[in-house]
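Going line by line, the protein sequences match chains W and P. Residues in the first sequence are numbered from 1 upward in steps of one, following this note's numbering. Residues in the second sequence are numbered from 1001 upward in steps of one, following this note's numbering. Glycine included, every Cβ here is placed at the ideal spot set by N, Cα and C. Quick caveat: nothing in here was measured; it's all calculated off a predicted structure.
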Amino acid sequence: MDKERVDQIIDRHQAEASSLIQVLLDIQSENNWLPKEALERVSQRLDVPLARIQHIATFYKAFSLVPKGRHGIHICMGTACHVRGATRILSKVRELTGINPGETDLDLKFSLETVNCLGCCALGPVVEIDGKTYGKMTTAETEEVLKSYE
Amino acid sequence: MSEIILKIDGKEVRAEEGMTVLEAARSAGIEIPTLCHHDKLEPFGACRLCIVEVQERGRKKLVVACVFLAADGLVVTTRSEKIDRIRKMIIELLLAHAPDSFKLRQLAEEYGADRNRFEKEASFCIHCGLCVRYCAEVKQKYAVGFIDRGIRKEISFIPEIAAKECPDCKECFPLCPTSYLQAAFVLTESLAFPSS
Ligand code: SF4
Ligand code: FES
């Protein structure tokens, strides 16, 4: 993400220190993560110390300080999904992507996370990719679905 | 500023509105133990060691003296069996994190706290925030801050700022009750700016 783009986002929020979290969220959603240069720019323009930005950026799970893949895979590990075979889905995804929960592959294609309940237990096992929900997953379907992402 | 009169451990204490219970007590020579309090810093209320019992309009409650404001007619008890028991527990919990902290061991002695009561979980930092707050409020350099939250909360130096500001300052070092701060600094220094 270049400096101009970061500046545009900051301008959109009138460079107000009180909009810090909004600014960070905008950068996060556009860039998938918060690079250090971007944070330094935000710190400068909003006049908020970097240490404070770092505290906030590490406090909320919505932010990432390390590169994230283009697609975020969330596998539900809640009780209902678990008994319906979520662990099998998880190991299939690990096998296909080569990454563990919390990790991102080297091509920055996928990031993998496990979550504790997506709120649609009747659809278990549930996988969510980029906000799209896939229910009643099988290992074969998981493979199909993952292949459809570029 | 109007004058208020409160009672601390049976003693009548004159204080000014806006003072905390801790300030009022200290002005009258009554000691309340503290860990995260510092005269130059805003009240923080992190360690809870300064816990006291106050009675207001007939109701008793436990509050932390470094944050709770003194009020006219307030009745404060700074030591009792109950308060000592709570402080002992706090010290024992903190000792699980920083078993060799000199300050904590001194307090342990005073309150009969058992250093081995809880399984050791040596994270060393006890999150008193003295380093972070001193750097921000007094020095306004923001070279060290907190990161993460809950059980993963830690202090962390910003290497670029630390490299520039810390070598000639280090005023926060003696404030740390556990020496973890020095360790964190040396680690940052050796990783990020070893030759300077
Ligand atoms: S490093 Fe020391 S001074 Fe800083 S928060 Fe931890 S215990 Fe307190
Ligand atoms: S001194 Fe009051 S909470 Fe730490």
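Within-7 Å CB hit, residue i to chain P
| i | result |
| --- | --- |
| P49/W | yes |
| T58/W | yes |
| Q14/W | no |
| Q54/W | yes |
Short CB-CB distance (under 7 Å) between residue i and chain W
| i | result |
| --- | --- |
| F1044/P | no |
| I1147/P | yes |
| Y1111/P | no |
| Y1142/P | yes |
From the options, residue whose alpha carbon lies closest to that of residue i
| i | options | result |
| --- | --- | --- |
| K1007/P | K1040/P, E1053/P, L1074/P and H1038/P | L1074/P |
| D1072/P | P1177/P, R1152/P and T1020/P | T1020/P |
| D1100/P | E1121/P, K1088/P, R1085/P and D1084/P | E1121/P |
| E40/W | D2/W, F59/W and G69/W | D2/W |
| I1032/P | C1131/P, L1130/P, E1189/P and Y1111/P | Y1111/P |
| N1116/P | L1093/P, E1137/P, Q1106/P and C1131/P | L1093/P |
| A140/W | V93/W, V48/W and L34/W | V93/W |
| A17/W | L50/W, E4/W and G135/W | L50/W |
| V6/W | I21/W, D26/W and S19/W | D26/W |
| I1086/P | E1109/P, L1062/P, L1130/P and V1138/P | L1062/P |
Residue burial classification, residue i (beta-carbon count within 10 angstroms, cutoff 16)
| i | result |
| --- | --- |
| F1102/P | exposed |
| F1173/P | exposed |
| I1126/P | buried |
| L90/W | buried |
| V1059/P | Checking the sequence, you will find Arg at residue 1059/P rather than Val. Per the 10 Å Cβ criterion, exposed. |
| Y60/W | exposed |
| G1018/P | exposed |
| L106/W | exposed |
| L1104/P | buried |
| G1029/P | exposed |
| V83/W | exposed |
| V1132/P | buried |
| G124/W | buried |
| P1194/P | exposed |
Distance cut-off 6 Å: residue i Cβ against heavy atoms of the ligand ATP
| i | result |
| --- | --- |
| L146/W | Absence of the ligand ATP from the depicted structure is noted, with the ligand SF4 and the ligand FES being the only ligands included. |
Would you check if there are 3 or more beta carbon pairs closer than 8 Å linking the segment 1136-1148 of chain P to the segment 1169-1189 of chain P?
Segments in contact, yes.
Listed in chain order, which residues of the segment 1144-1177 of chain P have Cβ atoms closer than 8 Å to some Cβ of chain C?
Considering every chain present, this structure includes no chain C. Its protein chains are W and P.
Tell me, please, whether the segment 1002-1016 of chain P touches the segment 103-112 of chain W by the rule of three or more beta-carbon pairs shorter than 8 Å.
The segment 1002-1016 of chain P is not in contact with the segment 103-112 of chain W.
How do the segment 40-58 of chain W and the segment 1147-1160 of chain P stand: do at least 3 beta-carbon pairs fall below 8 Å, yes or no?
yes
Contiguous alpha helix (DSSP H) assignments of at least 4 residues, all confined to the segment 1137-1180 of chain P:
1159-1165
Runs of alpha helix (DSSP H) wholly within the segment 1021-1101 of chain P (minimum 4 residues, chain order):
1021-1027 and 1081-1097
Does the segment 72-84 of chain W touch the segment 115-132 of chain W, meaning 3 or more C-beta pairs lie closer than 8 Å?
yes
Determine contact between the segment 1056-1067 of chain P and the segment 1035-1046 of chain P, defined as no fewer than three beta-carbon pairs at a distance below 8 Å.
Yes, the segment 1056-1067 of chain P touches the segment 1035-1046 of chain P.
Taking 8 Å as the threshold, find out whether the segment 1074-1086 of chain P comes into contact with the segment 1047-1056 of chain P through three or more Cβ pairs.
yes
With a floor of 3 residues, list each beta strand (DSSP E) that falls wholly inside the segment 38-121 of chain W, ordered by position along the chain.
71-76 and 110-115
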